[in-house]
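Undergrad: Just passing along the structure, written as C-alpha coordinates.
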Amino acid sequence: MYFAYSLLTCLGLLLVSPYFLYQAIRHRKYIGSLRQRLGYLPVSFNLDADESIWIHAVSVGEVLTARALVPALRERYPQLRVFVSTTTIAGQQIARRRLQDVDAIFYFPFDWTFIVRRTLRLVRPRLFIMMETEIWPNLLRECRTRGIRTVLVNGRISSRSYPRYRLIRPLFKRVLADIDRFCVQGEESRLRLVDLGADPARIAVTGSLKFDSLEGPAAVGPQARARDRVLRFFRVTPNRPVIIAGSTLKGEEAAMLHAFRRVKTAAPDALLILAPRHPERFAEAEALAAQSGFRTTRRSDLPIDAEPRADIVVLDSIGELAPLYQIATIVFVGGSLVDAGGHNILEPAIFGKPILFGPHMQNFQEIADAFLHAGAARQVQSADDLEARLVALLTDPVRQASLGAAARALVAANRGAKTRTLDVVAELMADIQTGGNVRPFRLVQ
1 MYFAYSLLTC
11 LGLLLVSPYF
21 LYQAIRHRKY
31 IGSLRQRLGY
41 LPVSFNLDAD
51 ESIWIHAVSV
61 GEVLTARALV
71 PALRERYPQL
81 RVFVSTTTIA
91 GQQIARRRLQ
101 DVDAIFYFPF
111 DWTFIVRRTL
121 RLVRPRLFIM
131 METEIWPNLL
141 RECRTRGIRT
151 VLVNGRISSR
161 SYPRYRLIRP
171 LFKRVLADID
181 RFCVQGEESR
191 LRLVDLGADP
201 ARIAVTGSLK
211 FDSLEGPAAV
221 GPQARARDRV
231 LRFFRVTPNR
241 PVIIAGSTLK
251 GEEAAMLHAF
261 RRVKTAAPDA
271 LLILAPRHPE
281 RFAEAEALAA
291 QSGFRTTRRS
301 DLPIDAEPRA
311 DIVVLDSIGE
321 LAPLYQIATI
331 VFVGGSLVDA
341 GGHNILEPAI
351 FGKPILFGPH
361 MQNFQEIADA
371 FLHAGAARQV
381 QSADDLEARL
391 VALLTDPVRQ
401 ASLGAAARAL
411 VAANRGAKTR
421 TLDVVAELMA
431 DIQTGGNVRP
441 FRLVQ
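FYI, the numbering for the sequence shown is 1 to 445, going by my numbering.
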(Lines of atoms letter the chains of each structure in order from A; the text may use other names.)
(Lines give C-alpha, C1' and ligand atoms only; values in the text may rest on other atoms or scores of the structure.)
Protein backbone atom coordinates (compact mmCIF):
# COMPACT_ATOMS: atom_id res chain seq x y z
CA MET A 1 0.00 0.00 0.00
CA TYR A 2 2.71 2.48 0.98
CA PHE A 3 4.76 1.56 -2.08
CA ALA A 4 1.75 2.27 -4.31
CA TYR A 5 1.19 5.60 -2.52
CA SER A 6 4.86 6.59 -3.00
CA LEU A 7 4.73 5.59 -6.65
CA LEU A 8 1.59 7.65 -7.23
CA THR A 9 3.06 10.73 -5.54
CA CYS A 10 6.20 10.33 -7.64
CA LEU A 11 4.15 10.14 -10.83
CA GLY A 12 2.10 13.13 -9.68
CA LEU A 13 5.26 15.16 -9.13
CA LEU A 14 6.51 14.24 -12.59
CA LEU A 15 3.23 15.39 -14.12
CA VAL A 16 3.34 18.80 -12.44
CA SER A 17 7.10 19.26 -12.82
CA PRO A 18 6.73 21.43 -15.98
CA TYR A 19 4.71 23.93 -13.92
CA PHE A 20 7.33 24.02 -11.17
CA LEU A 21 10.09 24.34 -13.75
CA TYR A 22 8.29 27.29 -15.32
CA GLN A 23 7.82 28.95 -11.93
CA ALA A 24 11.49 28.37 -11.10
CA ILE A 25 12.66 29.96 -14.35
CA ARG A 26 10.05 32.71 -14.59
CA HIS A 27 9.67 33.70 -10.93
CA ARG A 28 12.73 32.09 -9.28
CA LYS A 29 10.40 30.08 -7.04
CA TYR A 30 11.18 26.72 -5.39
CA ILE A 31 14.87 26.68 -6.32
CA GLY A 32 16.12 27.78 -2.91
CA SER A 33 13.89 25.33 -1.06
CA LEU A 34 14.67 22.17 -3.04
CA ARG A 35 17.51 20.92 -0.84
CA GLN A 36 15.38 21.17 2.29
CA ARG A 37 12.46 19.46 0.57
CA LEU A 38 14.87 16.62 -0.17
CA GLY A 39 15.79 16.40 3.50
CA TYR A 40 19.13 18.25 3.37
CA LEU A 41 18.97 20.82 6.17
CA PRO A 42 21.86 23.18 7.02
CA VAL A 43 24.62 21.75 9.20
CA SER A 44 23.84 24.40 11.81
CA PHE A 45 20.15 23.41 11.93
CA ASN A 46 20.46 21.10 14.94
CA LEU A 47 24.17 20.99 15.59
CA ASP A 48 23.95 19.29 18.98
CA ALA A 49 21.34 16.74 17.85
CA ASP A 50 18.87 17.95 20.48
CA GLU A 51 15.44 16.43 20.68
CA SER A 52 12.60 18.67 19.55
CA ILE A 53 8.95 19.42 18.95
CA TRP A 54 8.26 19.65 15.22
CA ILE A 55 5.25 21.72 14.13
CA HIS A 56 4.15 21.53 10.51
CA ALA A 57 2.10 24.47 9.20
CA VAL A 58 1.36 24.37 5.49
CA SER A 59 0.95 28.02 4.62
CA VAL A 60 0.15 31.46 5.99
CA GLY A 61 -3.07 30.58 7.79
CA GLU A 62 -1.61 27.59 9.60
CA VAL A 63 1.52 29.52 10.55
CA LEU A 64 -0.52 32.29 12.12
CA THR A 65 -2.61 29.72 13.98
CA ALA A 66 0.55 28.06 15.31
CA ARG A 67 1.35 31.28 17.17
CA ALA A 68 -1.20 30.23 19.77
CA LEU A 69 0.87 27.15 20.71
CA VAL A 70 4.53 28.00 20.30
CA PRO A 71 5.16 30.13 23.44
CA ALA A 72 3.32 27.68 25.70
CA LEU A 73 5.20 24.69 24.25
CA ARG A 74 8.52 26.41 24.87
CA GLU A 75 7.54 27.20 28.43
CA ARG A 76 6.28 23.68 29.21
CA TYR A 77 9.09 21.78 27.50
CA PRO A 78 12.19 24.01 27.74
CA GLN A 79 14.57 21.10 27.19
CA LEU A 80 13.17 20.49 23.71
CA ARG A 81 13.87 22.63 20.69
CA VAL A 82 10.91 23.88 18.66
CA PHE A 83 11.11 23.62 14.87
CA VAL A 84 8.48 24.73 12.34
CA SER A 85 8.13 23.58 8.75
CA THR A 86 5.99 25.03 5.98
CA THR A 87 5.06 23.86 2.50
CA THR A 88 4.55 27.18 0.71
CA ILE A 89 6.96 30.03 0.16
CA ALA A 90 4.45 32.54 1.57
CA GLY A 91 4.12 30.41 4.70
CA GLN A 92 7.89 30.34 5.07
CA GLN A 93 8.12 34.12 4.82
CA ILE A 94 5.39 34.69 7.39
CA ALA A 95 6.89 32.12 9.75
CA ARG A 96 10.25 33.90 9.67
CA ARG A 97 8.58 37.24 10.40
CA ARG A 98 5.96 36.27 12.93
CA LEU A 99 7.24 33.24 14.87
CA GLN A 100 9.83 34.68 17.20
CA ASP A 101 10.08 31.79 19.68
CA VAL A 102 11.19 28.93 17.43
CA ASP A 103 14.70 27.55 17.01
CA ALA A 104 14.55 27.10 13.23
CA ILE A 105 12.16 27.14 10.27
CA PHE A 106 12.48 24.87 7.26
CA TYR A 107 10.58 23.51 4.27
CA PHE A 108 8.57 20.32 4.69
CA PRO A 109 10.20 17.32 2.98
CA PHE A 110 8.71 15.30 0.16
CA ASP A 111 6.80 12.39 1.67
CA TRP A 112 9.08 9.63 0.43
CA THR A 113 10.52 7.26 2.98
CA PHE A 114 14.23 7.84 2.33
CA ILE A 115 13.75 11.63 2.47
CA VAL A 116 11.55 11.46 5.57
CA ARG A 117 14.13 9.34 7.39
CA ARG A 118 16.87 11.82 6.56
CA THR A 119 14.78 14.71 7.90
CA LEU A 120 13.81 12.87 11.08
CA ARG A 121 17.47 12.09 11.84
CA LEU A 122 18.22 15.82 11.78
CA VAL A 123 15.09 17.18 13.45
CA ARG A 124 14.91 14.42 16.11
CA PRO A 125 11.33 15.15 17.23
CA ARG A 126 9.79 13.73 20.37
CA LEU A 127 6.47 15.15 19.18
CA PHE A 128 5.22 15.89 15.67
CA ILE A 129 2.31 18.37 15.46
CA MET A 130 0.27 18.69 12.27
CA MET A 131 -1.79 21.85 11.87
CA GLU A 132 -5.31 21.29 10.50
CA THR A 133 -5.40 18.41 7.96
CA GLU A 134 -1.81 17.76 6.96
CA ILE A 135 -1.70 13.96 6.85
CA TRP A 136 1.37 12.37 5.25
CA PRO A 137 1.40 8.55 5.28
CA ASN A 138 5.14 7.82 5.02
CA LEU A 139 6.11 10.40 7.61
CA LEU A 140 3.48 9.20 10.06
CA ARG A 141 4.52 5.57 9.60
CA GLU A 142 8.15 6.47 10.30
CA CYS A 143 7.11 8.42 13.39
CA ARG A 144 5.20 5.39 14.67
CA THR A 145 8.19 3.14 14.01
CA ARG A 146 10.54 5.46 15.92
CA GLY A 147 8.19 6.03 18.86
CA ILE A 148 7.62 9.70 17.97
CA ARG A 149 4.29 10.95 19.28
CA THR A 150 1.97 12.54 16.74
CA VAL A 151 -1.01 14.84 17.14
CA LEU A 152 -3.30 16.60 14.66
CA VAL A 153 -4.34 19.97 16.07
CA ASN A 154 -7.03 22.39 14.93
CA GLY A 155 -8.16 19.50 12.75
CA ARG A 156 -11.03 19.65 10.33
CA ILE A 157 -12.42 17.45 7.57
CA SER A 158 -14.11 19.79 5.13
CA SER A 159 -17.21 18.93 3.12
CA ARG A 160 -15.03 19.09 0.00
CA SER A 161 -12.29 16.71 1.17
CA TYR A 162 -14.58 14.29 3.03
CA PRO A 163 -15.94 12.47 -0.09
CA ARG A 164 -12.42 12.13 -1.49
CA TYR A 165 -11.14 10.59 1.74
CA ARG A 166 -14.06 8.16 1.75
CA LEU A 167 -13.01 6.89 -1.68
CA ILE A 168 -9.73 5.70 -0.16
CA ARG A 169 -11.12 4.77 3.25
CA PRO A 170 -9.13 1.49 3.65
CA LEU A 171 -5.85 3.36 3.07
CA PHE A 172 -6.94 6.36 5.10
CA LYS A 173 -7.94 4.20 8.06
CA ARG A 174 -4.45 2.68 8.20
CA VAL A 175 -2.86 6.12 8.04
CA LEU A 176 -5.12 7.50 10.78
CA ALA A 177 -4.06 4.60 13.03
CA ASP A 178 -0.54 6.11 13.05
CA ILE A 179 -1.78 9.34 14.65
CA ASP A 180 -1.82 9.26 18.46
CA ARG A 181 -4.38 12.01 19.06
CA PHE A 182 -6.74 14.26 17.11
CA CYS A 183 -7.77 17.73 18.31
CA VAL A 184 -10.60 18.84 16.04
CA GLN A 185 -12.46 22.10 15.66
CA GLY A 186 -16.02 20.78 15.92
CA GLU A 187 -18.37 17.85 16.26
CA GLU A 188 -18.89 17.47 12.52
CA SER A 189 -15.16 16.93 11.94
CA ARG A 190 -15.11 14.41 14.80
CA LEU A 191 -17.93 12.39 13.26
CA ARG A 192 -16.26 12.45 9.85
CA LEU A 193 -12.98 11.20 11.29
CA VAL A 194 -14.76 8.36 13.06
CA ASP A 195 -16.50 7.42 9.83
CA LEU A 196 -13.13 7.41 8.06
CA GLY A 197 -11.76 4.94 10.58
CA ALA A 198 -10.17 6.95 13.38
CA ASP A 199 -10.42 5.57 16.92
CA PRO A 200 -13.08 7.69 18.70
CA ALA A 201 -11.11 7.44 21.96
CA ARG A 202 -8.25 9.36 20.33
CA ILE A 203 -10.40 12.31 19.20
CA ALA A 204 -11.08 15.42 21.29
CA VAL A 205 -13.21 18.39 20.21
CA THR A 206 -11.05 21.31 21.32
CA GLY A 207 -12.45 24.16 19.21
CA SER A 208 -10.66 26.38 16.74
CA LEU A 209 -7.17 27.62 17.61
CA LYS A 210 -7.71 30.48 15.18
CA PHE A 211 -9.67 32.30 17.89
CA ASP A 212 -6.71 32.04 20.29
CA SER A 213 -4.11 33.06 17.72
CA LEU A 214 -5.65 36.43 16.92
CA GLU A 215 -3.65 39.57 17.64
CA GLY A 216 -5.81 42.59 18.31
CA PRO A 217 -4.95 46.27 18.73
CA ALA A 218 -3.23 45.55 22.04
CA ALA A 219 -0.51 43.40 20.43
CA VAL A 220 2.99 44.21 21.65
CA GLY A 221 6.54 43.49 20.54
CA PRO A 222 7.41 42.65 16.92
CA GLN A 223 3.73 42.25 16.01
CA ALA A 224 2.93 45.77 17.18
CA ARG A 225 5.91 47.18 15.29
CA ALA A 226 4.76 45.45 12.09
CA ARG A 227 1.23 46.76 12.62
CA ASP A 228 2.35 50.32 13.21
CA ARG A 229 4.66 50.22 10.19
CA VAL A 230 1.93 49.41 7.69
CA LEU A 231 -0.51 51.86 9.27
CA ARG A 232 1.94 54.68 8.59
CA PHE A 233 1.24 54.17 4.86
CA PHE A 234 -2.53 54.39 5.36
CA ARG A 235 -3.16 57.60 7.28
CA VAL A 236 -6.80 57.81 6.26
CA THR A 237 -9.02 60.50 7.74
CA PRO A 238 -11.56 59.25 10.30
CA ASN A 239 -14.59 59.81 8.08
CA ARG A 240 -13.20 58.30 4.88
CA PRO A 241 -14.94 54.99 4.00
CA VAL A 242 -12.44 52.15 3.54
CA ILE A 243 -13.44 48.85 1.98
CA ILE A 244 -10.96 45.98 2.19
CA ALA A 245 -11.24 42.97 -0.08
CA GLY A 246 -8.94 40.46 1.58
CA SER A 247 -7.36 37.30 0.15
CA THR A 248 -9.15 37.62 -3.18
CA LEU A 249 -8.83 35.08 -5.97
CA LYS A 250 -9.18 35.36 -9.73
CA GLY A 251 -12.68 36.54 -10.61
CA GLU A 252 -13.32 38.24 -7.29
CA GLU A 253 -11.41 41.44 -8.04
CA ALA A 254 -13.60 42.04 -11.09
CA ALA A 255 -16.75 41.61 -8.98
CA MET A 256 -15.41 43.94 -6.31
CA LEU A 257 -14.42 46.59 -8.87
CA HIS A 258 -17.91 46.49 -10.36
CA ALA A 259 -19.42 46.90 -6.90
CA PHE A 260 -16.96 49.66 -6.00
CA ARG A 261 -18.12 51.73 -8.95
CA ARG A 262 -21.56 51.97 -7.36
CA VAL A 263 -20.02 52.57 -3.94
CA LYS A 264 -18.27 55.63 -5.35
CA THR A 265 -21.60 57.15 -6.31
CA ALA A 266 -22.69 56.95 -2.66
CA ALA A 267 -19.30 57.86 -1.19
CA PRO A 268 -17.03 59.62 -3.71
CA ASP A 269 -14.04 59.64 -1.36
CA ALA A 270 -14.20 55.87 -0.62
CA LEU A 271 -10.94 53.88 -0.69
CA LEU A 272 -10.74 50.25 -1.81
CA ILE A 273 -7.80 48.10 -0.66
CA LEU A 274 -7.45 45.02 -2.86
CA ALA A 275 -5.38 42.22 -1.31
CA PRO A 276 -4.92 39.31 -3.74
CA ARG A 277 -4.26 36.00 -2.03
CA HIS A 278 -1.28 35.08 -4.22
CA PRO A 279 1.70 37.39 -4.88
CA GLU A 280 1.94 36.39 -8.53
CA ARG A 281 -1.45 38.08 -9.08
CA PHE A 282 -0.52 41.51 -7.74
CA ALA A 283 0.19 42.89 -11.23
CA GLU A 284 -3.02 41.37 -12.62
CA ALA A 285 -5.15 42.97 -9.90
CA GLU A 286 -3.47 46.34 -10.43
CA ALA A 287 -4.07 46.18 -14.18
CA LEU A 288 -7.74 45.28 -13.67
CA ALA A 289 -8.27 48.23 -11.35
CA ALA A 290 -6.53 50.66 -13.67
CA GLN A 291 -8.47 49.39 -16.70
CA SER A 292 -11.69 50.01 -14.76
CA GLY A 293 -10.86 53.70 -14.73
CA PHE A 294 -9.90 54.07 -11.08
CA ARG A 295 -6.82 55.86 -9.84
CA THR A 296 -4.74 52.89 -8.76
CA THR A 297 -1.46 52.41 -6.95
CA ARG A 298 0.40 49.75 -5.00
CA ARG A 299 1.12 49.61 -1.30
CA SER A 300 4.85 49.57 -2.17
CA ASP A 301 4.46 52.92 -3.97
CA LEU A 302 2.67 54.77 -1.17
CA PRO A 303 4.44 57.64 0.59
CA ILE A 304 4.93 57.18 4.31
CA ASP A 305 2.82 59.22 6.77
CA ALA A 306 0.43 60.38 4.05
CA GLU A 307 -3.13 59.56 3.11
CA PRO A 308 -3.46 57.48 -0.08
CA ARG A 309 -4.77 59.73 -2.84
CA ALA A 310 -5.75 56.87 -5.13
CA ASP A 311 -9.18 55.26 -5.32
CA ILE A 312 -7.67 51.79 -5.07
CA VAL A 313 -4.53 50.47 -3.39
CA VAL A 314 -3.31 46.98 -4.28
CA LEU A 315 -1.70 45.44 -1.22
CA ASP A 316 1.39 43.95 -2.85
CA SER A 317 2.98 42.69 0.37
CA ILE A 318 2.76 39.63 2.59
CA GLY A 319 1.73 39.70 6.24
CA GLU A 320 0.25 43.20 6.31
CA LEU A 321 -3.40 42.45 5.66
CA ALA A 322 -4.46 41.54 9.21
CA PRO A 323 -3.40 44.81 10.88
CA LEU A 324 -4.97 46.82 8.04
CA TYR A 325 -8.40 45.45 8.90
CA GLN A 326 -8.57 47.88 11.82
CA ILE A 327 -8.95 50.85 9.43
CA ALA A 328 -11.73 49.18 7.42
CA THR A 329 -15.30 50.36 7.30
CA ILE A 330 -16.45 47.10 5.66
CA VAL A 331 -14.51 43.91 4.92
CA PHE A 332 -15.12 41.35 2.20
CA VAL A 333 -13.22 38.09 2.76
CA GLY A 334 -12.28 36.45 -0.52
CA GLY A 335 -11.93 32.90 -1.71
CA SER A 336 -15.67 32.67 -1.10
CA LEU A 337 -17.35 34.30 -4.10
CA VAL A 338 -15.58 31.75 -6.31
CA ASP A 339 -15.65 28.08 -5.37
CA ALA A 340 -12.39 27.93 -3.42
CA GLY A 341 -13.58 27.15 0.11
CA GLY A 342 -13.22 30.60 1.67
CA HIS A 343 -10.63 32.22 3.90
CA ASN A 344 -10.26 33.29 7.52
CA ILE A 345 -12.96 35.71 8.70
CA LEU A 346 -11.61 36.02 12.24
CA GLU A 347 -8.90 38.59 11.56
CA PRO A 348 -11.35 41.41 10.77
CA ALA A 349 -13.69 40.16 13.50
CA ILE A 350 -11.16 40.85 16.27
CA PHE A 351 -11.32 44.53 15.29
CA GLY A 352 -15.12 44.55 15.37
CA LYS A 353 -15.60 45.08 11.63
CA PRO A 354 -18.72 44.25 9.59
CA ILE A 355 -17.85 41.24 7.44
CA LEU A 356 -19.19 40.00 4.12
CA PHE A 357 -18.29 36.68 2.50
CA GLY A 358 -19.55 34.63 -0.42
CA PRO A 359 -21.44 31.33 -0.64
CA HIS A 360 -18.36 29.08 -0.74
CA MET A 361 -17.02 28.78 2.81
CA GLN A 362 -16.48 25.01 3.01
CA ASN A 363 -13.00 25.32 4.51
CA PHE A 364 -14.34 27.46 7.36
CA GLN A 365 -17.90 26.15 7.48
CA GLU A 366 -18.24 25.78 11.24
CA ILE A 367 -16.88 29.27 11.88
CA ALA A 368 -18.97 30.79 9.08
CA ASP A 369 -22.13 29.12 10.42
CA ALA A 370 -21.40 30.43 13.91
CA PHE A 371 -21.02 33.99 12.60
CA LEU A 372 -24.21 33.82 10.59
CA HIS A 373 -26.16 32.33 13.48
CA ALA A 374 -24.93 35.09 15.82
CA GLY A 375 -25.69 37.87 13.34
CA ALA A 376 -21.96 38.66 13.21
CA ALA A 377 -21.51 38.57 9.42
CA ARG A 378 -23.48 38.59 6.18
CA GLN A 379 -23.24 36.08 3.36
CA VAL A 380 -23.64 37.27 -0.23
CA GLN A 381 -24.72 34.91 -2.99
CA SER A 382 -23.41 36.66 -6.11
CA ALA A 383 -21.52 39.64 -7.45
CA ASP A 384 -24.77 41.62 -7.71
CA ASP A 385 -25.63 40.71 -4.13
CA LEU A 386 -22.18 41.86 -3.03
CA GLU A 387 -22.77 45.24 -4.68
CA ALA A 388 -26.16 45.70 -3.02
CA ARG A 389 -24.89 44.65 0.43
CA LEU A 390 -21.87 46.95 0.24
CA VAL A 391 -23.94 50.00 -0.59
CA ALA A 392 -26.59 49.17 2.01
CA LEU A 393 -24.00 48.69 4.76
CA LEU A 394 -22.03 51.76 3.78
CA THR A 395 -25.11 53.94 4.27
CA ASP A 396 -26.19 52.28 7.53
CA PRO A 397 -23.74 53.05 10.38
CA VAL A 398 -26.04 51.39 12.94
CA ARG A 399 -25.95 48.08 11.04
CA GLN A 400 -22.18 48.39 10.70
CA ALA A 401 -21.77 48.81 14.44
CA SER A 402 -24.16 45.94 15.21
CA LEU A 403 -22.37 43.47 12.96
CA GLY A 404 -18.95 44.54 14.21
CA ALA A 405 -19.88 44.28 17.88
CA ALA A 406 -21.39 40.81 17.37
CA ALA A 407 -18.23 39.67 15.55
CA ARG A 408 -15.93 40.86 18.34
CA ALA A 409 -18.14 39.27 21.00
CA LEU A 410 -18.18 35.94 19.16
CA VAL A 411 -14.38 35.87 19.03
CA ALA A 412 -14.13 36.57 22.76
CA ALA A 413 -16.66 33.85 23.57
CA ASN A 414 -14.84 31.17 21.57
CA ARG A 415 -11.33 31.44 22.95
CA GLY A 416 -10.00 28.48 24.93
CA ALA A 417 -8.97 25.95 22.28
CA LYS A 418 -5.32 26.54 23.17
CA THR A 419 -5.75 25.32 26.74
CA ARG A 420 -7.71 22.25 25.64
CA THR A 421 -5.14 21.43 22.95
CA LEU A 422 -2.21 21.78 25.34
CA ASP A 423 -3.96 19.43 27.76
CA VAL A 424 -4.04 16.77 25.06
CA VAL A 425 -0.38 17.37 24.28
CA ALA A 426 0.44 17.05 27.99
CA GLU A 427 -1.13 13.60 28.05
CA LEU A 428 1.08 12.52 25.17
CA MET A 429 4.18 14.05 26.73
CA ALA A 430 3.59 12.92 30.31
CA ASP A 431 7.10 11.51 30.62
CA ILE A 432 8.75 14.78 29.54
CA GLN A 433 9.79 16.64 32.67
CA THR A 434 9.25 20.39 32.83
CA GLY A 435 11.71 22.60 34.56
CA GLY A 436 15.11 24.00 33.82
CA ASN A 437 16.05 25.16 30.37
CA VAL A 438 19.59 23.78 30.30
CA ARG A 439 20.00 21.13 27.63
CA PRO A 440 22.15 18.03 28.23
CA PHE A 441 25.89 18.48 27.86
CA ARG A 442 27.29 16.57 24.91
CA LEU A 443 30.96 15.69 24.45
CA VAL A 444 32.07 16.64 20.96
CA GLN A 445 35.15 14.87 19.72
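Built from N, CA and C at the ideal position, the CB exists for glycine as well. Since the model is a prediction, treat every value here as computed from it, not as a measurement.
Judging by CA-CA distance, which residue of L193, E320, P18, V184 is the nearest neighbour of R229?
TA: Sequence index remark: in the sequence shown, residue 229 carries index 229 (1-based). Checking every option, the nearest Cα to that of R229 belongs to E320.
Undergrad: Closest to I244 by CA distance: which of L428, I330, K250 is it?
TA: Position 244 of the sequence shown, counting from 1, holds the residue named residue 244. When only C-alpha atoms are compared, the closest one is I330.
Undergrad: Quick one: using the 10 Å Cβ neighbour count with 16 as the cut-off for buried, is V398 buried or exposed?
TA: On the sequence shown, residue 398 is found 398 positions in, with the first residue counted as 1. Label assigned to V398: exposed.
Undergrad: Given that a residue counts as buried once 16 or more other Cβ atoms are within 10 Å of its Cβ, and exposed if not, what is V43?
TA: In the sequence shown, counting from the first residue as 1, residue 43 sits at position 43. Result: exposed.
Undergrad: Given this structure, state the Cα-to-Cα distance separating R190 from I312, to the nearest angstrom.
TA: Sequence index remark: in the sequence shown, residue 190 carries index 190 (1-based). Sequence index remark: in the sequence shown, residue 312 carries index 312 (1-based). When rounded, the distance between both Cα atoms is 43 Å.
Undergrad: Taking the alpha-carbon positions, what's the P268 to E188 distance?
TA: For the purposes of this step, residue 268 is taken as residue 268 along the sequence shown, with counting starting at 1. For the purposes of this step, residue 188 is taken as residue 188 along the sequence shown, with counting starting at 1. Approximately 45 Å between the Cα atoms of the pair.
Undergrad: Taking Cβ positions, are G246 and Y162 nearer each other than 9 Å?
TA: Position 246 of the sequence shown, counted from the first residue, corresponds to residue 246. Position 162 of the sequence shown, counted from the first residue, corresponds to residue 162. In this structure, Y162 does not lie closer than 9 Å to G246 by Cβ.
Undergrad: Determine the extent of the alpha helix (DSSP H) in which H360 is found, giving its start and end residues.
TA: For this step, residue 360 is matched to residue 360 along the sequence shown. H360 -> no alpha helix (DSSP H), and no H or E assigned at all.
Undergrad: The beta strand (DSSP E) with I203 in it runs from where to where?
TA: As a position in the sequence shown, residue 203 is number 203, starting the count at 1. Here the beta strand (DSSP E) through I203 covers 203-205.
Undergrad: Looking only at its chain, what residues have a beta carbon closer than 7 Å to the beta carbon of F211, apart from the 5 residues adjacent to it on each side?
TA: On the sequence shown, residue 211 is found 211 positions in, with the first residue counted as 1. For F211, where only same-chain residues beyond five positions count, the Cβ hits under 7 Å are L346, V411, N414, R415, A417.
Undergrad: Give the range of the alpha helix (DSSP H) segment to which I476 is assigned.
TA: Any property of residue 476 remains undetermined from this structure, which presents the chain solely from 1 to 445.
Undergrad: Might you give, ordered along the chain, the residues of its own chain that have their beta carbon closer than 8 Å to the beta carbon of L171, omitting 5 neighbours on each side?
TA: Reading the sequence shown from its first residue, position 171 is the one you call residue 171. M1, Y5, P137, listed in sequence order.
Undergrad: Measuring CA to CA, which of L249, G155, I168 is closest to L182?
TA: Taking the first residue of the sequence shown as position 1, residue 182 is located at position 182. Position check: residue 182 holds Phe in this sequence, whereas Leu was assumed. Checking every option, the nearest Cα to that of F182 belongs to G155.
Undergrad: Would you mind stating whether F128 and H56 have Cβ atoms separated by less than 9 Å?
TA: The residue you call residue 128 lines up with position 128 of the sequence shown. The residue you call residue 56 lines up with position 56 of the sequence shown. For F128 and H56, yes; Cβs fall inside 9 Å.
Undergrad: Closer than 8 Å is the cut-off here; do at least three beta carbon pairs connect the stretch 420-428 with the stretch 144-152?
TA: yes
Undergrad: Is the beta carbon of V184 sitting closer than 9 Å to the one on A204?
TA: Numbered from its first residue, the sequence shown carries residue 184 at position 184. Numbered from its first residue, the sequence shown carries residue 204 at position 204. Closer than 9 Å, so yes.
Undergrad: The alpha helix (DSSP H) that contains M161, what's its start and end?
TA: In the sequence shown, residue 161 corresponds to position 161, counting from 1. Here residue 161 is Ser; the residue named in the question, Met, does not match the sequence. Note, S161: alpha helix (DSSP H), 161-167.
Undergrad: Going by the DSSP bridge assignment, what does C143 pair with across the sheet?
TA: For the purposes of this step, residue 143 is taken as the residue at position 143 of the sequence shown. Answer by DSSP bridge pairing: none, since C143 is not bridged.
Undergrad: Here's a check: name, in chain order, each residue in its chain whose Cβ is nearer than 7 Å to the Cβ of D305, leaving out the five neighbours to either side.
TA: What you label residue 305 is simply residue 305 of the sequence shown in a count that begins at 1. The answer, listed in chain order, is R232, R235.
Undergrad: Helix, strand or coil for G375? Go by DSSP, reduced to three states.
TA: By 1-based counting over the sequence shown, the position of residue 375 is 375. In the structure shown, G375 sits in coil (DSSP, three-state: anything other than H, G, I, E or B).
Undergrad: To which residues of the same chain is W54 closer than 6 Å at the C-beta, ignoring the five residues directly before and after it?
TA: The residue you call residue 54 lines up with position 54 of the sequence shown. Answer for W54: F83, V123, P125, F128, listed in chain order.
Undergrad: According to DSSP, what are the bridge partners of W54?
TA: The residue you call residue 54 lines up with position 54 of the sequence shown. Paired residue(s): F83, F128.
Undergrad: Rounded to whole angstroms, what is the Cα-Cα separation between P18 and A90?
TA: Position 18 of the sequence shown, counted from the first residue, corresponds to residue 18. Position 90 of the sequence shown, counted from the first residue, corresponds to residue 90. Using only the alpha carbons, I get a separation of about 21 Å.
Undergrad: How about I350 and R408: do their beta carbons lie closer than 9 Å?
TA: Counted from its first residue, the sequence shown places residue 350 at position 350. Counted from its first residue, the sequence shown places residue 408 at position 408. In this structure, I350 sits near R408, with a CB-CB distance shorter than 9 Å.
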